[in-house]
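With the numbering used here applied, the sequence shown covers 2 to 840.
Here a beta-carbon is modelled for each residue, glycine too, at the ideal position from N, C-alpha and C.
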Amino acid sequence: MWTQQGTLWLGHESAAVLAVVGAFFGGLALSAWGFSARIERSAQPARWYVACEAVIGVWSLALIALPTLAAPGLLAVTGAQPSAPRQWAVAFAGTFVLLLPATMAMGATLPAMERVLARWHGRGAALAALYAGNTAGAVLGMLAAAFWLVPALGLTRTAVVCALLNLVCAAIAWRWHGDHRRHRTGRPRRARYRCRWPRCAQRCRCCCSRPPAVWAIGYEVLVVRVLSQVTENTVYTFALLLATYLVGTALGAAAWQRWRAPCTVTPAGAQRTLVDAHDGLLWALAGACLFGVIALGLAPQIKTFTLHWLGASLASALIAEAMLAALAFLPATCVRGALFSQLSRSALAQGTSLGHALAANTLDAAFAPPLFGVLPALGAKAALLGVVGGYLLLSLSRSVRGPTWLRAAATAAVALATPPLTLVDVPQGGRLLHHLEGPAAAVSVVEDAQAVSRLHINNRQQEGSSHSLVADARQALLPLLLHPVPRRALFLGLGTGVTAASAAEDAQLQVDVVELLPEVIEASRHFTGSFAVAPRLRIVAADARRYVRTSSERHDLVVADNFHPARSGSGPLYTVEHFRAIEQRLAEGGLFCQWLPLHQLDIGTLRSFVEVYPQAWAVLATNSLETPVLGLITRCGGGRFDAAAVSRRVQTTRLPRAPAQFGLHDELAVLGSFVAGPKALARLAGDAPVNTDDHPVVTYRAPRITFVPDSLPAERLIELLRTLDLAADEVLPADADANTRARLVAYWRARDRFIAFGQDVQPTRDARRMLAQVREPLLEVLRLSPEFRPVYDPLLRLAAALATADTAAARRLLSDLMQVQPARPEAAQALQALPSAPP
């Protein structure tokens, strides 16, 4: 829940995860170090537990309002365009301060409970069981929050539920403590715990501070980063990964309690038992981490096999991700849970307080997120093998016996043979052009056998390719041509850079682009090399949501990319709060266009946009059936679109590539992209839940739509067009002439018929077979609107392809085109160019 709240002002979810994890362990360490002595001296440790649970509950309730109050100040300190050190410093420091009271109280609960249970079971006897139970409770709470509470109740109500659970724990413990005091006879004498074996005391202290917990948390951060190139990176993915990590820790502690705990603090032979157990666990931890690295290298094959066996569904995807998490995490975390339990009990046996042991274990863990998450200079594989080597060296430093060195040599040999962890799908005959790992994602450019380059973020093609130039450019040109005189534009999201660069080719337009990932900015140069727009295109490496909220500049045009709603951190870009912030960035008469991946987005989430902009329209970027992209458009101050003004914009826009090259020949091509008006959008949105910061509907619903779509992209688009209706009065002003209205309505009808027919076309390279499929249906579409160029131009090209193979068929097709559209000269010219018919 804190991670979701942190996303709202930190930006990307990965930043929130790293900041919350760092703040969490930092608070635990400070608490364990500062309160451990007082808890040890206390004759009533149950009161400490009651007080800590109460503080956690009360501060959790306070955190419902505090982030909202603190967010403006934190955003102001961060700034719209912060440097990387400044951004991460504010993120870690701000999160640490906000969570500190609760995390410090959490850090004192385990030492307090251990002191309470020590009165019945002896010092340290039930420590592993307590640790295992505490960790298992964390798994239950996290899975309940991710899969049930937050999706159903939202963040505020979930926070209330969690806080009430803490307060209930405090109340039960207080009642139990009171009953226990009434039935207690005499005051128990507080025992002093000293090590019974002075010769091993120094070794015990060393074990309590080693191995560094920074390696364990660093291992977790690195594994999550590598798996993000294989998993779907949804909110459920992170929940499963963290749950598996915690489950392994709990299982390891429970297993140690069951099989190893009784022999750790026996008087006879205790030193040898202690040393052997530590040495064995350290080597086992190195081997388990190495096994996890090998599993990561095979993760794509494992996922593919699992999905092929189970079939495509949400449950199958989650099972596959859970299997990957289990292979990467369970062996290492099981050993880690056992080792932590052994070291903690060893500390108690030699007189060190549990609080100090916890502080030593968690203090360096707080540095793992910035060290392994923000500064991935070595790469994931090198860093993971460094963790393995650290555990291995620590094992060697404790023992110089032959078997230990043999095991170390075998482990090192296996490490050298581990597969690479650059998990990028390169098609057969293709090659990897560019790859760069960053704190939030791995970005790569892959070229296939047809020399088509594609941009991948975390091994997914979701940001366009060199083959999608027309579609990407239209996402800039459509809103650009709808504005009468734009001078400054803001693009949220860069992708391949083609969309923003297409707009920046306008000599009268200054374009600002906000992109979260610096690695994407670097990779975009592979796609925008042909655009000479450097003076008019300014790229800002920043979070789009934070930039909109902190910038004071106003823009004539704001275009938001079609962010994948299921991916990490994208859901907040579709909230009511974000859309309202964009409204403040629009100049008078400004236009805002939000592109939506229709084939991945639930239609009900349109409600958020309609909630802020009730006078909005919907447009189609292209007529594509494979990846339909819907654009929501609104104008600051309202007002409809004048066809004559749009026509002038098309004719006078100063672009090296004329709009006609992208299918935008005239005002009909621009206004013909409209598919819905305010009435239809309001009806379509219906009473769907509004996506807000407090109730992130998109974040939790979009993964289900992605894994289990209710229809194919083509079917969804066609059904949408059948559901929507649009009147000319909703687009054109009241004084528009009747002829323009009739032409536009005819264009819309032809477009809908064209898209519906496209679903049944079977692609073929044979021009004759293609003509047999499309001739009559397309001519019928053209009769509805002779100005519908998406049909007229392909038929001209088809006639040209038939010119040599079947001259008679080409002649007949061109004659039909001349009859349908006699005003166009292209068909007549092509007919004259055909070879004469044989006698």
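Item to check | Contact under 8 Å by Cβ, Ala502 with Leu538 | outcome: Translated into the one-based positions of the sequence shown, residue 502 becomes position 501. Translated into the one-based positions of the sequence shown, residue 538 becomes position 537. Yes. Within cutoff.
Item to check | Beta-carbon contacts of Arg465 that lie in its chain and below 7 Å, excluding the five residues immediately before and after | outcome: Taking the sequence shown and counting its residues from 1, one reaches residue 465 at position 464. For clarity, residue 465 is Gly in the given sequence; the question names Arg instead. Leu456, Asp473, Gly496, Thr497, Val499.
Next on the checklist: Can you tell me which residues form a DSSP beta bridge with Leu688?
Outcome noted: Taking the first residue of the sequence shown as position 1, residue 688 is located at position 687. At residue 688 the sequence reads Asp, which differs from the Leu that was named. DSSP lists no partner for Asp688.
Item to check | Pair within 8 Å by beta-carbon distance, Gly678 and Trp618 | outcome: Numbered from 1 along the sequence shown, position 677 holds the residue referred to as residue 678. Numbered from 1 along the sequence shown, position 617 holds the residue referred to as residue 618. Cβ distance < 8 Å, so Gly678 and Trp618 count as in contact.
Next on the checklist: Can you tell me where the beta strand (DSSP E) holding Val792 begins and where it ends?
Outcome noted: For the purposes of this step, residue 792 is identified with residue 791 of the sequence shown, where counting begins at 1. Run containing Val792: none in the beta strand (DSSP E); it sits in the alpha helix (DSSP H), 790 to 806.
Checklist entry - Can you tell me whether Lys382 is buried or exposed, with buried defined as 16 or more other CB within 10 angstroms of its CB? => result In the sequence shown, counting from the first residue as 1, residue 382 sits at position 381. With 16 or more other Cβ atoms within 10 Å, it is buried.
Item to check | Thr606 beta carbon less than 8 Å from that of Val699 | outcome: Within the sequence shown, the letter at position 698 stands for residue 699. Within the sequence shown, the letter at position 605 stands for residue 606. Cβ distance < 8 Å, so Val699 and Thr606 count as in contact.
Item to check | Beta-carbon proximity list for Gln230, same chain, < 7 Å, skipping 5 on both sides | outcome: Counting from one through the sequence shown, the residue named residue 230 turns up at place 229. Once the five neighbours on either side are set aside, the close Cβ partners of Gln230 are Leu424, Ala443, Asn459, Asn460.
Item to check | Identified DSSP bridge partners for Gln595 | outcome: Along the sequence shown, one-based indexing puts residue 595 at 594. In the DSSP output, where bridge partners are listed per residue, Gln595 has Ala561, Leu633.
Item to check | Neighbourhood of Leu308 by C-beta, 8 Å cutoff - its chain only, sequence neighbours within 5 removed | outcome: Reading the sequence shown from its first residue, position 307 is the one you call residue 308. For Leu308, where only same-chain residues beyond five positions count, the Cβ hits under 8 Å are Ser317, Ala318, Ala321.
Next on the checklist: I'd like the ranges of any beta strand (DSSP E) spanning at least 3 consecutive residues and lying wholly in the stretch 458 to 520.
Outcome noted: 462 to 466, 489 to 493, 511 to 516
Item to check | Burial state of Gln343, where buried means 16 or more other Cβ atoms lie within 10 Å | outcome: The sequence position of residue 343 within the sequence shown is 342, counting from 1. Flag for Gln343 reads buried.
Next on the checklist: Does Arg586 come out as helix, strand or coil in the three-state DSSP assignment?
Outcome noted: Along the sequence shown, read from residue 1 onward, the residue named residue 586 stands at position 585. Looking at Arg586 - three-state DSSP - the assignment turns out to be coil, as it is neither helix nor strand.
Checklist entry - Taking contact to mean at least 3 C-beta pairs separated by less than 8 Å, is the stretch 156 to 164 in contact with the stretch 240 to 258? => result no
Checklist entry - Taking all protein chains shown into account, do 16 or more other C-beta atoms lie within 10 angstroms of the C-beta of Lys304, making it buried, or fewer, making it exposed? => result Taking the first residue of the sequence shown as position 1, residue 304 is located at position 303. Buried is the call here.
Next on the checklist: DSSP has Arg539 in a bridge; who is on the other side?
Outcome noted: Taking the first residue of the sequence shown as 1, we reach residue 539 at position 538. Arg539 pairs with Asp513.
Checklist entry - CA-CA distance, Ala567 and Phe148? => result Mapped onto the sequence shown, residue 567 falls at position 566. Mapped onto the sequence shown, residue 148 falls at position 147. Spanning the two alpha carbons is a distance of roughly 14 Å.
Checklist entry - Under the three-state reduction of DSSP, which class applies to Phe528: helix, strand or coil? => result Taking the sequence shown and counting its residues from 1, the one referred to as residue 528 is at position 527. Correct three-state label for Phe528: coil.
Item to check | Limits of the unbroken beta strand (DSSP E) element including Glu448 | outcome: What you label residue 448 is simply residue 447 of the sequence shown in a count that begins at 1. Note, Glu448: beta strand (DSSP E), 443 to 448.
Next on the checklist: On a Cα-Cα basis, can you pick out the residue from Ala729, Asp695, Leu656, Thr654 that is closest to Ser674?
Outcome noted: To locate residue 674, count along the sequence shown from 1; it is residue 673. Selected option, being the one with the closest Cα: Ala729.
Item to check | First and last residue of the uninterrupted beta strand (DSSP E) at Arg432 | outcome: Within the sequence shown, the letter at position 431 stands for residue 432. Residues 432 to 438.
Item to check | Pairwise C-alpha distance: Pro714 and Cys849 | outcome: Look at the range of the chain in this structure, 2 to 840, and you will see that residue 849 is not part of it.
Next on the checklist: Between Phe528 and Glu506, how many whole angstroms is the CB-CB distance? I'm expecting something under 8 Å.
Outcome noted: Sequence index remark: in the sequence shown, residue 528 carries index 527 (1-based). Sequence index remark: in the sequence shown, residue 506 carries index 505 (1-based). Actually they are not in contact, since the Cβ atoms of Phe528 and Glu506 sit about 14 Å apart, beyond 8 Å.
Checklist entry - Which residues in the same chain as Leu311 place their Cβ atom closer than 8 Å to its Cβ, once the five residues preceding and following it in sequence are excluded? => result Looking up residue 311 in the sequence shown gives position 310. Same-chain partners within the cutoff: Ser317, Ile320, Ala321.
Item to check | Cutoff 8 Å; reference Ala450; Cβ partners in own chain excluding five residues on either side | outcome: For this step, residue 450 is matched to residue 449 along the sequence shown. Cβ neighbours of Ala450 beyond the five flanking positions: Pro428, Gln429, Gly430, Gly431.
Checklist entry - Residues in its own chain within less than 8 Å of Ala588 by CB, not counting five upstream and five downstream? => result As a working note, residue 588 is residue 587 in the sequence shown. Excluding positions up to five away in sequence, the list reads Arg489, Arg555, His556, Asp557, Cys637.
Checklist entry - Thinking C-alpha only, which one of Leu479, Ala113, Pro102 is nearest Ser43? => result Here the question's residue 43 lines up with position 42 in the sequence shown. Out of Leu479, Ala113, Pro102, Ala113 has the C-alpha closest to the C-alpha of Ser43.
Checklist entry - Under 8 Å between the Cβ atoms of Ala287 and Leu417? => result Taking the sequence shown and counting its residues from 1, the one referred to as residue 287 is at position 286. Taking the sequence shown and counting its residues from 1, the one referred to as residue 417 is at position 416. Taking 8 Å as the Cβ cut-off, Ala287 and Leu417 do not qualify as a contacting pair.
Checklist entry - Given that a residue counts as buried once 16 or more other Cβ atoms are within 10 Å of its Cβ, and exposed if not, what is Glu720? => result One-based indexing of the sequence shown puts residue 720 at position 719. Exposed, by the Cβ-count rule.
Checklist entry - Hey, would you say Ala545 sits closer than 8 Å to Leu517, going by beta carbons? => result Locating residue 545 in the sequence shown gives position 544, counting from the first residue. Locating residue 517 in the sequence shown gives position 516, counting from the first residue. Contact: yes.
Item to check | Chain-order list of residues whose beta-carbon lies under 6 Å from that of Trp175 (same chain, five-residue window excluded) | outcome: Translated into positions along the sequence shown, residue 175 becomes position 174. Within the same chain, Trp175 has close Cβ partners Val51.
Checklist entry - What three-state label does DSSP hand Arg658 in the structure shown? => result The residue labelled residue 658 in the question sits at position 657 within the sequence shown. The answer is coil: DSSP assigns Arg658 none of H, G, I, E or B.
Checklist entry - From what residue to what residue does the alpha helix (DSSP H) around Phe755 run? => result Here the question's residue 755 lines up with position 754 in the sequence shown. 739 to 759 is the extent of the alpha helix (DSSP H) around Phe755.
Item to check | Straight-line Cα distance separating Ala313 from Tyr237 | outcome: Your numbering for residue 237 matches position 236 in the sequence shown. Your numbering for residue 313 matches position 312 in the sequence shown. Computed Cα separation, rounded: 17 Å.
Checklist entry - How many whole angstroms separate the CB atoms of Leu76 and Arg547, which I take to be in contact at a CB cut-off of 8 Å? => result Walking along the sequence shown from the start, residue 76 turns up at place 75. Walking along the sequence shown from the start, residue 547 turns up at place 546. Sure, about 6 Å apart at Cβ, within 8 Å.
Checklist entry - Span of the beta strand (DSSP E) holding Leu621? => result Sequence index remark: in the sequence shown, residue 621 carries index 620 (1-based). 617 to 621 is the extent of the beta strand (DSSP E) around Leu621.
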